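Engineer: Got a structure for you, questions after.
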Amino acid sequence: MSDFEEREVGALRLRIDRTLCVGFGDCITEAAAAFVLDETGVAIFLAPETVEREQLLRACDACPVDAITVWNGDGTQIVPGGL
Ligand code: SF4
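Numbering (our numbering) for the sequence shown: 124 to 206.
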């Protein structure tokens, strides 16, 4: 498993920085279909494409250590910070 996990979800690009994730699971609380903790207690993607966009963005933004970054279709970073 690499330090970064990336997914395209519609027009969004999502990245989990696994070196930052501390495994508290706030993202999973917000969107249990999108994220899961792996066997080492670090977040990975589950099925983020099944989660409605606003809920998915809220879940990414909920990360207390800003381990999840989201860019929109034109490359603008919208999480953290831009919601
Ligand atoms: S909210 Fe952030 S720190 Fe917590 S499990 Fe998700 S990615 Fe990891």
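We put the CB at the ideal spot given by N, CA and C, even for glycine.
Computed from a predicted structure; not experimentally measured.
For L179, does the three-state DSSP call read helix, strand or coil?
Structural biologist: If DSSP states are grouped into helix, strand and coil, L179 belongs with the helices.
Engineer: So for T192, helix, strand or coil by DSSP?
Structural biologist: Three-state DSSP puts T192 in a strand.
Engineer: With a 10 Å radius around its C-beta and 16 neighbouring C-beta atoms as the bar for buried, classify P171 as buried or exposed.
Structural biologist: Classification of P171: buried, given that the 10 Å Cβ count is 16 or more.
Engineer: Check the C-beta distance from D126 over to R141 and give it rounded, since I have them as a contact under 8 Å.
Structural biologist: With 8 Å as the limit, D126 and R141 qualify as a contact, their Cβ atoms being about 5 Å apart.
Engineer: Just how far apart, CA to CA, sit A155 and I139?
Structural biologist: Spanning the two alpha carbons is a distance of roughly 15 Å.
Engineer: Is the closest heavy atom of the ligand SF4 to the C-beta of P187 under 7 Å?
Structural biologist: The answer is yes for P187.
Engineer: Confirm, please, whether the CB-CB distance from D149 to A190 is below 8 Å.
Structural biologist: No.
Engineer: Taking the DSSP output, what are the residues bridged to I201?
Structural biologist: None, per the DSSP bridge assignment.
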